[in-house]
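Peer 1: Provided herewith is a single structure, encoded as structure tokens, for subsequent inquiry.
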Amino acid sequence: MVPVSIQVRQALSKLVLPVLLLMSVGIIIAGQADRPLADKARMRVADVLAPLWSLLSRTQTDSERLVHGLKEARNLAEENHRLSAENANLRRWYEVAVSLARENDTLKTELHWVPEPTPAFVTGRVVADSGGIYARAVLLVAGTSSGVQTGNIALAANGLAGRVTEVGAHAARILLINDIASRLPVELESSHAAAIMAGDNSPLPRLLYYSQDTRPIEGERVVTSDQAGAFPSGIPIGNVHYLHPGQPVVQPFARLDRLTMLRVFDFGQSEIEPPEAPGHVPLTRPHRALTLPFKTLLGPGQEG
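Numbers 69 to 372, taken from my numbering, label the letters of the sequence shown in order.
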């Protein structure tokens, strides 16, 4: 190696940039003067550098995969630890559920419990409701040909969605619980209070007409009540939430804005008829008396 003084090195370093600029200008001029030759030279340079670029790209891809794999391994370790803890917790709850189920079966056997009939249901696809008088309603691709009837209960995967109000041969209109025309009796599980859940076309139906002595509790579950005879009791609806003090609403379990499939149940509420009490007078009899002649109603000696 030839020794070079510091002054020479400094001079050469100052000449590097001008020389590179001159070379660039010269290459540009040569390329414009003889374009086929410039294209051929550029392609030869690309052919020479192609393996190098491929190697660099492959190395970068492999590095990214390695980093991604390490991150995934760390995430998998954390996920495995979390799932193990959840599995242990679920195993404990499973044992509790099995014990309670056995105890429940034993008590039902001792009490000679009469089980309720299993409701029939059909499942259909939900389509958007382009017509009708309701603001919050959907159409179900299932009608009378599938056994759907007016008054059937529509359930989503997580809870109550609505009720069938109109039905055709192959489609049914379901009024959702958040429509302004929806009113249904509900029960608050923790406070054991009765209330009316009223829709107002917003995502959160309101709670009305509850007892002032037992106000709804934040977060407690809301289920259907059988007071009006239209709904069976115990169908989950949602949780209580206070938007403002004194204004409780219900956060539905069902995603009413993203319904894709619904199950329509026939609980047979209209088929349950109470027996007539002894001495019960039908309401139609007084109306029949009005058809008698006026003289008969007055009686003898009272004609005027």
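We put the CB at the ideal spot given by N, CA and C, even for glycine. Since the structure is predicted, the reported quantities are computational estimates derived from the model, not experimental observations.
Mind reading off the beta-carbon distance from Pro284 to Thr292? Whole number of angstroms is fine, and I expect it under 8 Å.
Peer 2: So it is not a contact: roughly 15 Å between Cβ atoms.
Peer 1: Name the two residues that bound the continuous beta strand (DSSP E) containing Gln295.
Peer 2: Taken as a continuous stretch (DSSP letters only), Gln295 belongs to no beta strand (DSSP E), as it is neither H nor E.
Peer 1: Taking its Cβ as the centre, do 16 or more other Cβ atoms sit within 10 Å of Gly267, making it buried, or is it exposed?
Peer 2: Gly267 should be labelled buried.
Peer 1: Can you give the Cα-Cα distance for Leu138 and Ser125, rounded to whole angstroms?
Peer 2: About 20 Å.
Peer 1: Alpha carbon to alpha carbon, what distance is there between Leu89 and Ala79?
Peer 2: Their Cα atoms are separated by approximately 16 Å.
Peer 1: Reducing DSSP to helix, strand and coil, say where Val87 ends up.
Peer 2: In the structure shown, Val87 sits in a helix (DSSP, three-state: H, G or I).
Peer 1: For Pro304, report the span of its beta strand (DSSP E) as first-last.
Peer 2: That run of the beta strand (DSSP E) goes 304-312.
Peer 1: In angstroms, rounded to a whole number, what distance separates the CA positions of Asp334 and Ala145?
Peer 2: Computed Cα separation, rounded: 47 Å.
Peer 1: Quick check on Leu123: does DSSP put it in helix, strand or coil?
Peer 2: Leu123 falls in the helix class under three-state DSSP.
Peer 1: For Gln370, which residues in the same chain have their Cβ closer than 8 Å to its Cβ, ignoring the five residues on either side in sequence?
Peer 2: For Gln370, the predicted model reports a pLDDT of 43, less than 50, meaning its position is unreliable and no value from the coordinates is stated.
Peer 1: Note down, in chain order, each residue of its chain lying with its Cβ closer than 7 Å to the Cβ of Pro343, except the 5 sequence neighbours on either side.
Peer 2: For Pro343, where only same-chain residues beyond five positions count, there are no Cβ hits under 7 Å.
Peer 1: When the distance is taken between beta carbons, is Ala225 closer than 7 Å to Val232?
Peer 2: Cβ atoms of Val232 and Ala225: not closer than 7 Å.
Peer 1: By alpha-carbon positions, which one of Thr212, Glu257, Leu244 ends up nearest to Val235?
Peer 2: Cα-wise, what sits closest to Val235 is Thr212.
Peer 1: Just checking my contact of Leu244 with Val317 at CB under 8 Å: how many whole Å lie between their CB atoms?
Peer 2: Rounded, the Cβ-Cβ distance is 15 Å, inconsistent with contact.
Peer 1: What residue range does the beta strand (DSSP E) around Ile264 cover?
Peer 2: Note, Ile264: beta strand (DSSP E), 261-266.
Peer 1: Going by the CB atoms, is the gap between Gln295 and Gly306 shorter than 7 Å?
Peer 2: Going by C-beta atoms, Gly306 is not nearer than 7 Å to Gln295.
Peer 1: Can you find the residues in the same chain that come closer than 6 Å, C-beta to C-beta, to Ser214, ignoring five residues on each side of it along the sequence?
Peer 2: Contacts found: Val190.
Peer 1: Just the C-alpha distance for Ala237 and Leu208, rounded to the nearest angstrom, thanks.
Peer 2: So the alpha carbons of these two residues sit roughly 11 Å apart.
Peer 1: The beta strand (DSSP E) spanning Thr233 covers which residue range?
Peer 2: 228-235 is the span of the beta strand (DSSP E), which, as asked, contains Thr233.
Peer 1: Identify the residues that DSSP records as bridge partners of Asp334: which are they?
Peer 2: Per DSSP, Ala188.
Peer 1: How far does the beta strand (DSSP E) with Ile221 in it reach, from first residue to last?
Peer 2: First-last of the beta strand (DSSP E) with Ile221: 221-223.
Peer 1: I believe Ile242 touches Val290 by the beta-carbon criterion, under 8 Å. Please report the beta-carbon distance rounded to the nearest angstrom.
Peer 2: Not really, about 19 Å apart at Cβ, beyond 8 Å.
Peer 1: Since Gly330 contacts Ala222 with CB under 8 Å, what's their CB separation in whole angstroms?
Peer 2: Looking at the sequence shown, residue 330 is not Gly but Leu. Contact holds; Cβ gap of about 5 Å.
Peer 1: Look at the alpha carbon of His180 and the alpha carbon of Asn220, and state the distance between them as a whole number of angstroms.
Peer 2: For His180 and Asn220, the distance between alpha carbons rounds to 30 Å.
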